[in-house]
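Numbering (my numbering), first residue to last: 71 to 235.
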């Protein structure tokens, strides 16, 4: 599959359950999602709260990923800084979809006058750390051993990318 096999579109209410299904996979199977127990569909409201935009990726009519852009802080001083978050159905990883979704978020961010993107990643999620480095992010901070999941401590790594004007 290539990134052209996917349609990126705005979230619709009927996507909620599938988004939570994808998110719950990462809760139980990895360090990518921080909660230690599966979440209910109502948790989606917390994910979406304050988002600039919320996208889903579809393949053959099925939601296979989601992504959102949120203000870093709800303070005017930081209005040109946003955080990015994305989760891809594991069957569709390494297909170019992650990069395609990131480019969509970057384009959206530029249209909103955002200059800086941030992401936070578990230190035990090497695939995500490498993905972000490959896509122009660099480490800008690390909080040592602040997370605990599966009985193991992990760091939270912050990465940053400056967008061209």
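All residues carry an ideal CB built from backbone N, CA and C; glycine is no exception.
- For residue 140, the CB contacts under 7 Å within the same chain, skipping 5 residues up- and downstream, are 120, 121, 122, 152 and 153 in chain order.
- Non-local C-beta neighbours of residue 185 in its own chain, meaning closer than 8 Å and more than five positions away in sequence, comprise 150, 151, 232, 233 and 235, ordered along the chain.
- Under the Cβ criterion (8 Å, minimum of three pairs), the stretch 170 to 184 does not count as touching the stretch 192 to 200.
- Of all alpha-carbon atoms in 230, 130 and 84, the one lying nearest the alpha-carbon of residue 205 is that of 230.
- Take residue 134, set aside five residues on each side of it, and the residues of its chain with a beta-carbon closer than 6 Å to its own are 127, 159 and 162, in chain order.
- Where residue 124 is concerned, there is no enclosing alpha helix (DSSP H), although the beta strand (DSSP E) around it starts and stops at 123 to 129.
- Around the CB of residue 187, 16 or more other CB atoms lie within 10 Å, so the residue is classed as buried.
- For residue 218, DSSP records a beta bridge to 223.
- Annotation for residue 120: no beta strand (DSSP E) segment contains it, and DSSP assigns it neither H nor E.
- At a cut-off of 4 residues, not a single continuous stretch assigned as alpha helix (DSSP H) sits fully inside the stretch 139 to 173.
- Within the stretch 74 to 116, the complete beta strand (DSSP E) segments at least 3 residues long are 77 to 80, listed from N- to C-terminus.
- At the C-beta level, residue 101 and residue 167 stay beyond 7 Å of one another.
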